[in-house]
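Peer 1: The listed protein sequences derive, respectively, from chains Y and C.
Final position of the first sequence in our numbering is 333; the numbers increase by one with none missing.
Final position of the second sequence in our numbering is 665; the numbers increase by one with none missing.
For each residue, glycine too, the CB sits at the ideal point set by N, CA and C.
The structure displayed is predicted, hence computed values, not measured ones.
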Amino acid sequence: MYAQMVKSSGEGVKTAGEMDAQERAFQSRIDAGEKIEPKDWMPAAYRKTLIRQIGQHAHSEIVGQLPEGNWITRAPTLERKANLLAKVQDEAGHGLYLYCAAETLGVSRDELFDMLHTGKMKYSSIFNYPTLTWADMGAVGWLVDGAAIMNQVPLQRTSYGPYARAMVRICKEESFHQRQGFHIMMTMCNGSVAQKEMAQDALNRFWYPSLMMFGPSDKDSVHSAQSMAWKIKMDSNDDLRQRFVNATAPQAEFLGLTIPDDKLAFNEDTQQYDFSEPDWEEFYEVLKGNGPCNRDRLETRQRAWSDGEWVREGMMAHADKRRNANQTAA
Amino acid sequence: MANEWPLWEVFIRGQHGMSHRHVGSLHAPDEKMAMNNARDVYTRRNEGVSIWVVQAKDITASDPSEKGPMYEPSESKVYRHPTFYDIPDEAGPM
Chain Y
4 MYAQMVKSSG EGVKTAGEMD AQERAFQSRI DAGEKIEPKD WMPAAYRKTL IRQIGQHAHS
64 EIVGQLPEGN WITRAPTLER KANLLAKVQD EAGHGLYLYC AAETLGVSRD ELFDMLHTGK
124 MKYSSIFNYP TLTWADMGAV GWLVDGAAIM NQVPLQRTSY GPYARAMVRI CKEESFHQRQ
184 GFHIMMTMCN GSVAQKEMAQ DALNRFWYPS LMMFGPSDKD SVHSAQSMAW KIKMDSNDDL
244 RQRFVNATAP QAEFLGLTIP DDKLAFNEDT QQYDFSEPDW EEFYEVLKGN GPCNRDRLET
304 RQRAWSDGEW VREGMMAHAD KRRNANQTAA
Chain C
572 MANEWPLWEV FIRGQHGMSH RHVGSLHAPD EKMAMNNARD VYTRRNEGVS IWVVQAKDIT
632 ASDPSEKGPM YEPSESKVYR HPTFYDIPDE AGPM
């Protein structure tokens, strides 16, 4: 979801017999529900997979500011503008919580940024779609943050302590995001015909990309089993996607909007919604860098980083100068 | 990397009467900016009444792999706990 297609060791899950004593002790701590903390021993592959996952998650929060930042100056009212600013500021905060969790694993902040800016690390595919109208702010909050919550709530119980604690903070703040999005949709659906059409159009464009956020189907997820054994992935992609559809379909009905899927229907036997899969070809293309906004998002990030260099250096120079002056005075 | 801003650990007193608690970390060039950033990153919703920032490199931490010898002295002294002393009920509440 916010972390899609995170590669693990790629060797499948080791049986207890294949593990050495240290690995066995580590796995039994995880099985017992203990948290792993930064200075504890951990398998190299656990560390590596977590850096990838938390890094990708952090990058998603940071890049996720861009599609919404697009509308801050054009929000329809001062109140909506203040709401959106607060939400985008939260996304920055979430990125920072997650970067600091990743850093406890021995990777530096600059290395993480470098991997984002050179394309070595990914961010969620969803942020490569454009936000064309104000209704997209509603759809993003409702659907994208809604999908994020589905994934993030179980991650509060993840095995790595700093990651779990970051998720607790994030989940506390995230529900405001979804509600403000839904509120925008509600307002537009109760507005003029044109406004309601705009809301429907936003739903049409964001529905399938939101379903893609959970990652490919379980049968195609090669890395899930190990991550689930390590409790850094708590639920399968398909389970989370199903939960999301179950929660969202009645909300669309409440709004009087139609989810763009002919097959969407409540199944009395399973007590769940049946629905169509998104176009996975499109998903892989977006991951490869060929989505509608990939190049633009990455360039914006790279520019922000290089344009800010003189500020970072200037502030460091100022701090050094002050420190030296204090030492001379003392 | 060479020019990276130093890492600071952030501790927040959630409400009056409570201890400061570790909430996370951040990067900042100096203690003043660390304090400003801590406010923006960790107290956007009235989470605190007091903030401490400490440079991460100034913290000395115990090593989890040595927790056996580290805590042995306290584990072997059961007489430090009130339940060690058998006092008859007749003695009254104590």
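Should the region 296-316 of chain Y be called in touch with the region 217-229 of chain Y, which here means at least 3 C-beta pairs below 8 angstroms?
Peer 2: No, because fewer than three Cβ pairs between the region 296-316 of chain Y and the region 217-229 of chain Y fall closer than 8 angstroms, the two stretches do not touch.
Peer 1: Do Y/LYS42 and C/ALA632 have their CB atoms nearer than 8 angstroms?
Peer 2: Counted from its first residue, the first sequence places residue 42 of chain Y at position 39. Counted from its first residue, the second sequence places residue 632 of chain C at position 61. Yes.
Peer 1: With 8 angstroms as the threshold, decide whether the Cβ of C/ARG615 is near any Cβ in chain Y.
Peer 2: As a first step, residue 615 of chain C is located in the second sequence; it is residue number 44 there, counting from the start. C/ARG615 counts as touching chain Y.
Peer 1: Is there contact here, the region 174-186 of chain Y with the region 138-148 of chain Y, by at least three beta-carbon pairs under 8 angstroms?
Peer 2: Yes: the two stretches touch, three or more of their Cβ pairs being nearer than 8 angstroms.
Peer 1: When you compare the region 592-599 of chain C with the region 102-116 of chain Y, are there three or more beta-carbon pairs, one atom per stretch, that lie closer than 8 angstroms?
Peer 2: At 8 angstroms Cβ cutoff, the stretches touch.
Peer 1: As a quick exercise: from C/GLU646, C/THR614 and C/ILE658, pick the residue whose alpha carbon is nearest that of C/ILE583.
Peer 2: Here residue 583 of chain C refers to the residue found at position 12 when the second sequence is read from its first residue. Considering only alpha carbons, the answer is C/THR614.
Peer 1: Could you spell out where the alpha helix (DSSP H) holding C/ASN607 opens and where it closes?
Peer 2: Residue numbering aside, residue 607 of chain C sits at position 36 when the second sequence is read from its first letter. From DSSP, the alpha helix (DSSP H) with C/ASN607 extends over 602-613.
Peer 1: Please look up how many angstroms separate the CB atoms of Y/VAL16 and Y/ALA232, rounded, as I've assumed it's under 8 angstroms.
Peer 2: Counted from its first residue, the first sequence places residue 16 of chain Y at position 13. Counted from its first residue, the first sequence places residue 232 of chain Y at position 229. The Cβ separation is near 5 angstroms, so the contact holds.
Peer 1: Run down chain C in chain order and give the residues with a C-beta less than 9 angstroms from the C-beta of Y/GLU40.
Peer 2: As a first step, residue 40 of chain Y is located in the first sequence; it is residue number 37 there, counting from the start. Those are PRO635, listed as they occur along chain C.
Peer 1: Any beta-carbon of chain Y closer than 8 angstroms to the one on C/ALA662?
Peer 2: For the purposes of this step, residue 662 of chain C is taken as residue 91 along the second sequence, with counting starting at 1. Not an interface residue.
Peer 1: Return the CA-CA distance between Y/ASN73 and Y/THR136, expressed in angstroms with no decimal places.
Peer 2: Locating residue 73 of chain Y in the first sequence gives position 70, counting from the first residue. Locating residue 136 of chain Y in the first sequence gives position 133, counting from the first residue. Each residue's Cα considered, the two are about 10 angstroms apart.
Peer 1: Give the interface partners of C/GLY639 over in chain Y, defined as CB-CB distance under 7 angstroms, in chain order.
Peer 2: Here residue 639 of chain C is taken as the residue at index 68 of the second sequence, counted from 1. Within 7 angstroms Cβ-Cβ: nothing; C/GLY639 doesn't reach chain Y, min ~13 angstroms.
Peer 1: Just curious, the beta strand (DSSP E) that Y/ASP277 is in, first and last residue?
Peer 2: Residue mapping note: residue 277 of chain Y aligns to position 274 of the first sequence, counting from 1. Looking at the DSSP string, the run of the beta strand (DSSP E) that includes Y/ASP277 is 275-277.
Peer 1: I want to see whether chain Y comes within less than 8 angstroms of C/TRP623, judged by CB atoms only; does it?
Peer 2: In the second sequence, the residue the question calls residue 623 of chain C occupies position 52. Chain Y contact via Cβ: absent.
Peer 1: Going by C-alpha to C-alpha distance, which of C/GLU618, C/ASN607 and C/VAL624 sits closest to C/VAL581?
Peer 2: By one-based count along the second sequence, residue 581 of chain C stands at place 10. C/VAL581 has its Cα closest to that of C/VAL624, out of C/GLU618, C/ASN607 and C/VAL624.
Peer 1: Tell me the residue span of the alpha helix (DSSP H) that contains Y/TRP283.
Peer 2: As a position in the first sequence, residue 283 of chain Y is number 280, starting the count at 1. Looking at the DSSP string, the run of the alpha helix (DSSP H) that includes Y/TRP283 is 283-288.
Peer 1: Report yes if the C-beta distance between Y/LEU258 and Y/MET215 is below 8 angstroms; otherwise report no.
Peer 2: Taking the first sequence and counting its residues from 1, one reaches residue 258 of chain Y at position 255. Taking the first sequence and counting its residues from 1, one reaches residue 215 of chain Y at position 212. Not closer than 8 angstroms, so no.
Peer 1: Can you find a C-beta in chain C that's less than 8 angstroms from the C-beta of Y/TRP313?
Peer 2: Locating residue 313 of chain Y in the first sequence gives position 310, counting from the first residue. No, because no Cβ of chain C sits closer than 8 angstroms to the Cβ of Y/TRP313.
Peer 1: Give a yes or no on whether 8 angstroms exceeds the smallest Cβ distance from Y/ALA250 to chain C.
Peer 2: What you label residue 250 of chain Y is simply residue 247 of the first sequence in a count that begins at 1. For Y/ALA250, the answer is no, since every Cβ of chain C falls outside 8 angstroms of its Cβ.
Peer 1: Count Cβ pairs between the region 119-128 of chain Y and the region 203-211 of chain Y that sit closer than 8 angstroms; are there 3 or more?
Peer 2: Flag = no, the region 119-128 of chain Y and the region 203-211 of chain Y do not touch.
Peer 1: If you run the structure through DSSP and keep just helix, strand and coil, what is C/ARG621?
Peer 2: Locating residue 621 of chain C in the second sequence gives position 50, where the first residue counts as 1. For the sequence presented, residue 621 of chain C should be read as Ser rather than Arg. DSSP places C/SER621 in strand when its eight states are reduced to three.
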